[in-house]
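Structure, as structure tokens:
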Amino acid sequence: MVAINSSDPIHAAEDIDGLHENHEIADLLREIAVLLEEQHASEFRLRAYRAAADTIAGLPSPIRALLDHDGITGLVSLPTIGHSTAALVETYLRIGHMPLLDRLRGVANAEAYFTTLPGIGPELSHRIYDTLHVETLPELFAAAKQGRLKEVSGLGRKRIQAIMESLQSRTSSDAAANYADSDKSIPIAELLSIDREYRQKAEDDSLPKVAPKNFNPGKVAWLSILHTHRDNRNYTALYSNTEQAHQRHTTRDWVIIYRDDTDSHGRWTVITSQFGELQGRRIVRGREDECKEYYRNTSDFHQPDADHPPHAELPTKWEEDEGRRGIHG
Numbered sequence: 217m218v219a220i221n222s223s224d225p226i227h228a229a230e231d232i233d234g235l236h237e238n239h240e241i242a243d244l245l246r247e248i249a250v251l252l253e254e255q256h257a258s259e260f261r262l263r264a265y266r267a268a269a270d271t272i273a274g275l276p277s278p279i280r281a282l283l284d285h286d287g288i289t290g291l292v293s294l295p296t297i298g299h300s301t302a303a304l305v306e307t308y309l310r311i312g313h314m315p316l317l318d319r320l321r322g323v324a325n326a327e328a329y330f331t332t333l334p335g336i337g338p339e340l341s342h343r344i345y346d347t348l349h350v351e352t353l354p355e356l357f358a359a360a361k362q363g364r365l366k367e368v369s370g371l372g373r374k375r376i377q378a379i380m381e382s383l384q385s386r387t388s389s390d391a392a393a394n395y396a397d398s399d400k401s402i403p404i405a406e407l408l409s410i411d412r413e414y415r416q417k418a419e420d421d422s423l424p425k426v427a428p429k430n431f432n433p434g435k436v437a438w439l440s441i442l443h444t445h446r447d448n449r450n451y452t453a454l455y456s457n458t459e460q461a462h463q464r465h466t467t468r469d470w471v472i473i474y475r476d477d478t479d480s481h482g483r484w485t486v487i488t489s490q491f492g493e494l495q496g497r498r499i500v501r502g503r504e505d506e507c508k509e510y511y512r513n514t515s516d517f518h519q520p521d522a523d524h525p526p527h528a529e530l531p532t533k534w535e536e537d538e539g540r541r542g543i544h545g
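In this note's numbering, each residue's number is its place in the sequence shown (first place is 1) plus 216.
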């Protein structure tokens with residue numbers, strides 16, 4: 217724990233403000249636990265967030281100072297604070313929002329996620345979220361290192377370079393690497409099983425629902441949300457409610473899967489393929505080759521999912537050059 221000198225009035229005031237901020241963060245984590253309970257999440261997840269809230273509320277000095285001094289590693293060193301919770305806290309301290317809490321509330325604050333970076337206003341921040349499906353600075357940094365910023369319309373070479381430099385100075389490589397690793401470490405079969413579970417239960421109308429803030433003028437609770445687990449891995453799944461999903465009429469096709477547990481976190485998009493040998497099959501975006509291998513090893517490779525016909529997919533640079541729409545040929 218980093219020590220702060222509070223012997224003079226200025227530092228004492230900073231300490232007081234920091235301790236108030238600790239309690240604000242603790243209250244937000246407790247709200248996450250309440251919403252997860254209402255949405256039928258596992259008791260283990262509820263206890264984890266409540267324990268983390270108690271830890272942060274009981275800190276003798278500001279958690280912001282710990283983050284500034286020791287980075288994300290310092291947060292994880294605290295009792296009951298895992299990588300996922302540490303990432304939530306870091307994101308809140310950087311941008312003033314917890315994306316997980318926004319998601320559980322049915323509120324998309326994507327216009328605020330990246331506005332602390334140079335040259336990014338609310339509209340571009342929302343476009344980055346819609347295009348790359350990232351919510352935090354470490355996730356954006358991982359996507360940037362993979363060259364994916366080029367996919368976002370309105371981002372030229374100079375602006376991408378400025379964003380990269382800012383992310384380099386503000387985000388640890390370890391945090392970005394942890395996100396990238398978690399994105400690839402989960403087997404395709406596991407992700408597709410969560411996708412099947414979500415779509416079946418949504419169709420059966422057996423899931424709790426949230427009322428999204430965006431594209432929902434009547435404030436109707438229509439968006440089904442699933443909290444499930446595989447072994448010790450906790451997942452949340454829901455249909456995409458982004459602007460692109462509405463434009464492409466895929467709000468009942470694109471499924472976003474989130475992992476939020478003590479060990480790691482991640483995000484995947486599952487869609488119905490429109491092109492090539494996987495046409496009509498459910499695939500994990502960005503992992504098409506693995507999906508091909510998965511289906512080749514199953515007996516129903518040549519029998520597409522008839523209940524979910526192909527929908528427009530997100531274009532890649534290669535297929536834009538070829539004048540095609542989709543993510544594989």
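C-beta: ideal position from N, C-alpha, C; glycine also.
Query	Result
Boundaries of the alpha helix (DSSP H) in which residue 280 is found, first to last residue	279-292
Alpha-carbon spacing of residue 487 relative to residue 277, whole angstroms	45 Å
Exposure label - residue 336; buried when at least 16 CB within 10 Å	buried
Per-residue burial, residue 490 [other beta carbons within 10 Å of its own, 16 or more giving buried]	buried
Cα-Cα separation between residue 234 and residue 289, rounded to whole angstroms	19 Å
Reference residue 255; option with closest CA among 505, 442, 406	442
Where the alpha helix (DSSP H) containing residue 453 begins and where it ends	Segment 449-455 is the beta strand (DSSP E) holding residue 453; no alpha helix (DSSP H) there.
Residue 466 to residue 340 span [Cα, whole Å]	22 Å
Residues bridged to residue 444 (per DSSP)	451
DSSP state of residue 244 mapped onto helix, strand, coil	helix
Strand pairing of residue 474, partner residues [DSSP]	452, 483
Reference residue 456; option with closest CA among 248, 273, 345	345
Under 9 Å between C-beta atoms of residue 271 and residue 294	yes
Given residue 454 as reference, the closest of 385, 414, 475 once Cα atoms are compared	414
Burial state of residue 373 (16 or more Cβ within 10 Å)	exposed
Per-residue burial, residue 259 [other beta carbons within 10 Å of its own, 16 or more giving buried]	exposed
Strand pairing of residue 425, partner residues [DSSP]	440
Same chain, Cβ closer than 7 Å to residue 397, five either side skipped, listed in chain order	With a pLDDT of 48 at residue 397, under the threshold of 50, the predicted position of this residue should be treated as unreliable, though the coordinate-derived value follows. Contacts found: none.
Of the listed residues 242, 368, 382, nearest to residue 264 (C-alpha basis)	242
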